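The sequence shown begins at -12 in the working numbering and counts up by one. Backbone N, C-alpha and C fix where the C-beta goes; we use that ideal spot for every residue, glycine too. Keep in mind that this is a model prediction, so the values were computed, not measured.
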Amino acid sequence: MSLTQVYLGLGSNIEREAHLQAGLDALAGFLVDMRCSAVFESQPVGIKSGPFFNFVVSAFTDLPLMELDRRLKFIEADNGRYAPDRKGLPLDIDVLLFGDLVGNFDGLVLPRAEILKNAFVLWPLSLIAPDRVHPGVGKSFATLWDEAQIDQVLAPVAFEWRGEQRTPSDML
(Lines of atoms letter the chains of each structure in order from A and count residues from 1; the text may use other names and numbers.)
(Lines give C-alpha, C1' and ligand atoms only; values in the text may rest on other atoms or scores of the structure.)
Protein backbone atom coordinates (compact mmCIF):
# COMPACT_ATOMS: atom_id res chain seq x y z
CA MET A 1 0.00 0.00 0.00
CA SER A 2 1.30 3.46 -0.83
CA LEU A 3 2.03 6.11 1.77
CA THR A 4 0.57 9.61 1.77
CA GLN A 5 2.34 12.55 3.37
CA VAL A 6 0.20 14.33 5.92
CA TYR A 7 0.61 17.48 7.94
CA LEU A 8 -1.25 17.73 11.24
CA GLY A 9 -1.70 20.75 13.49
CA LEU A 10 -1.63 20.00 17.23
CA GLY A 11 -2.62 22.32 20.05
CA SER A 12 -3.47 22.29 23.75
CA ASN A 13 -4.25 24.81 26.46
CA ILE A 14 -4.75 22.43 29.42
CA GLU A 15 -1.80 20.50 30.85
CA ARG A 16 -0.23 21.37 27.53
CA GLU A 17 2.94 19.28 27.65
CA ALA A 18 1.22 16.16 28.96
CA HIS A 19 -1.61 16.22 26.40
CA LEU A 20 0.67 17.01 23.46
CA GLN A 21 3.13 14.29 24.46
CA ALA A 22 0.23 11.82 24.79
CA GLY A 23 -1.01 12.88 21.35
CA LEU A 24 2.42 12.33 19.81
CA ASP A 25 2.73 8.93 21.49
CA ALA A 26 -0.63 7.88 20.03
CA LEU A 27 0.23 9.20 16.55
CA ALA A 28 3.54 7.32 16.60
CA GLY A 29 1.52 4.11 16.80
CA PHE A 30 0.25 4.42 13.23
CA LEU A 31 2.20 7.19 11.44
CA VAL A 32 5.61 6.72 9.82
CA ASP A 33 8.61 9.07 9.74
CA MET A 34 7.09 11.65 12.10
CA ARG A 35 8.80 15.02 12.32
CA CYS A 36 7.77 17.88 14.60
CA SER A 37 8.13 21.60 14.04
CA ALA A 38 9.20 23.97 16.76
CA VAL A 39 6.53 24.46 19.44
CA PHE A 40 4.98 27.88 19.96
CA GLU A 41 2.93 29.48 22.69
CA SER A 42 0.07 31.58 21.36
CA GLN A 43 -2.96 33.39 22.64
CA PRO A 44 -6.29 31.70 21.91
CA VAL A 45 -8.19 32.50 18.73
CA GLY A 46 -11.97 32.20 18.72
CA ILE A 47 -12.31 31.03 22.34
CA LYS A 48 -11.73 32.52 25.77
CA SER A 49 -9.04 30.49 27.50
CA GLY A 50 -5.44 30.42 28.57
CA PRO A 51 -2.57 30.35 26.09
CA PHE A 52 -1.98 27.39 23.79
CA PHE A 53 1.03 25.38 22.75
CA ASN A 54 0.86 24.68 19.00
CA PHE A 55 3.03 22.90 16.45
CA VAL A 56 2.87 20.92 13.20
CA VAL A 57 3.70 17.27 12.60
CA SER A 58 4.76 15.91 9.23
CA ALA A 59 4.36 12.16 8.72
CA PHE A 60 3.34 9.45 6.29
CA THR A 61 0.31 7.17 6.52
CA ASP A 62 -1.22 4.28 4.65
CA LEU A 63 -4.66 5.15 6.05
CA PRO A 64 -7.39 6.67 3.91
CA LEU A 65 -8.24 10.26 4.87
CA MET A 66 -11.47 9.52 6.72
CA GLU A 67 -9.90 6.69 8.73
CA LEU A 68 -7.04 9.01 9.71
CA ASP A 69 -9.53 11.66 10.80
CA ARG A 70 -11.51 9.07 12.79
CA ARG A 71 -8.37 7.98 14.63
CA LEU A 72 -7.48 11.60 15.42
CA LYS A 73 -10.94 12.08 16.98
CA PHE A 74 -10.34 9.01 19.17
CA ILE A 75 -6.99 10.41 20.33
CA GLU A 76 -8.65 13.74 21.15
CA ALA A 77 -11.42 11.91 23.04
CA ASP A 78 -8.87 9.85 25.00
CA ASN A 79 -7.37 13.16 26.14
CA GLY A 80 -10.69 14.64 27.31
CA ARG A 81 -11.52 16.75 24.26
CA TYR A 82 -15.22 15.86 24.32
CA ALA A 83 -15.73 15.59 28.09
CA PRO A 84 -18.85 17.54 29.11
CA ASP A 85 -17.12 19.23 32.06
CA ARG A 86 -13.84 20.16 30.36
CA LYS A 87 -12.44 23.65 30.92
CA GLY A 88 -10.55 24.45 27.74
CA LEU A 89 -9.07 22.36 24.97
CA PRO A 90 -6.90 19.47 26.23
CA LEU A 91 -5.91 18.29 22.75
CA ASP A 92 -6.78 19.40 19.25
CA ILE A 93 -5.42 17.56 16.21
CA ASP A 94 -6.35 18.84 12.75
CA VAL A 95 -5.50 17.45 9.33
CA LEU A 96 -3.91 20.43 7.57
CA LEU A 97 -2.85 18.64 4.38
CA PHE A 98 -3.35 15.12 3.08
CA GLY A 99 -1.13 14.64 0.05
CA ASP A 100 -2.23 17.21 -2.50
CA LEU A 101 -5.97 16.79 -1.90
CA VAL A 102 -8.08 19.90 -2.42
CA GLY A 103 -11.79 19.95 -1.71
CA ASN A 104 -14.49 18.98 0.75
CA PHE A 105 -14.27 15.37 1.89
CA ASP A 106 -17.34 14.50 3.98
CA GLY A 107 -17.11 17.88 5.71
CA LEU A 108 -13.32 17.88 6.05
CA VAL A 109 -12.07 20.77 3.89
CA LEU A 110 -8.49 20.48 2.61
CA PRO A 111 -6.15 22.20 2.68
CA ARG A 112 -7.37 23.50 6.03
CA ALA A 113 -8.29 27.20 5.88
CA GLU A 114 -6.50 27.94 9.18
CA ILE A 115 -3.17 27.52 7.38
CA LEU A 116 -3.57 30.96 5.84
CA LYS A 117 -5.35 32.57 8.81
CA ASN A 118 -3.37 31.61 11.90
CA ALA A 119 0.30 32.29 12.60
CA PHE A 120 0.38 29.31 14.98
CA VAL A 121 -0.30 27.07 11.96
CA LEU A 122 1.53 28.85 9.13
CA TRP A 123 4.82 29.61 10.92
CA PRO A 124 5.39 26.01 12.12
CA LEU A 125 4.33 24.71 8.70
CA SER A 126 6.79 27.07 7.00
CA LEU A 127 9.55 25.74 9.26
CA ILE A 128 8.85 22.04 8.76
CA ALA A 129 7.98 22.25 5.03
CA PRO A 130 9.38 25.55 3.68
CA ASP A 131 9.51 24.44 0.03
CA ARG A 132 6.22 22.56 -0.02
CA VAL A 133 3.65 24.35 -2.16
CA HIS A 134 0.17 25.05 -0.77
CA PRO A 135 -2.00 23.04 -3.19
CA GLY A 136 -4.76 25.66 -3.23
CA VAL A 137 -2.63 28.83 -3.48
CA GLY A 138 0.39 27.65 -5.46
CA LYS A 139 3.03 29.29 -3.23
CA SER A 140 5.52 27.69 -0.88
CA PHE A 141 4.82 27.81 2.84
CA ALA A 142 8.02 29.82 3.37
CA THR A 143 6.79 32.42 0.86
CA LEU A 144 3.32 32.46 2.40
CA TRP A 145 4.85 33.04 5.85
CA ASP A 146 7.11 35.83 4.49
CA GLU A 147 4.07 37.52 2.90
CA ALA A 148 1.69 36.89 5.81
CA GLN A 149 0.19 39.83 7.61
CA ILE A 150 -1.29 37.98 10.54
CA ASP A 151 -1.63 39.94 13.76
CA GLN A 152 -0.82 37.19 16.27
CA VAL A 153 2.10 37.00 18.67
CA LEU A 154 3.91 33.67 18.95
CA ALA A 155 6.74 32.70 21.26
CA PRO A 156 8.87 29.59 20.70
CA VAL A 157 8.87 27.38 23.82
CA ALA A 158 10.95 24.46 25.01
CA PHE A 159 9.15 21.17 24.46
CA GLU A 160 10.56 17.70 24.88
CA TRP A 161 9.20 14.44 23.52
CA ARG A 162 10.87 11.07 23.98
CA GLY A 163 13.93 12.72 25.47
CA GLU A 164 14.48 15.06 22.53
CA GLN A 165 14.09 18.83 22.46
CA ARG A 166 11.61 19.71 19.67
CA THR A 167 12.21 23.47 19.56
CA PRO A 168 15.72 24.35 18.36
CA SER A 169 17.79 26.08 21.04
CA ASP A 170 18.54 29.01 18.72
CA MET A 171 14.82 29.85 18.69
CA LEU A 172 14.49 29.90 22.48
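Euclidean distance between Cα positions of residue i and residue j
i       : j      : result
VAL108  : PHE42  : 7 Å
MET21   : LEU95  : 22 Å
MET160  : ARG57  : Here the chain covers residues -12 to 159 and nothing more, so residue 160 does not appear.
ILE137  : LEU103 : 9 Å
LEU(-3) : THR130 : 22 Å
Where residue i falls: helix, strand or coil (DSSP)
i      : result
VAL120 : strand
VAL32  : coil
GLY10  : helix
PHE146 : coil
SER24  : coil
Whole-number beta carbon distance between residue j and residue i, since they are thought to touch under 8 Å
i     : j     : result
LEU52 : PHE17 : Not a contact, Cβ separation roughly 14 Å.
GLY75 : GLY37 : 7 Å
Outcome for residue i when other beta-carbon atoms lying within 10 angstroms are tallied against a minimum of 16
i      : result
ASP118 : exposed
GLY10  : buried
ILE80  : buried
VAL162 : A query on residue 162 cannot be resolved here, the shown segment of the chain reaching from -12 to 159 and no further.
Check: Enumerated in chain order, which unbroken segments of the alpha helix (DSSP H) with a length of 4 residues or greater are wholly contained in the segment 68 to 105?
Finding: As far as the segment 68 to 105 is concerned, its whole alpha helix (DSSP H) runs of at least 4 residues are 101 to 104.
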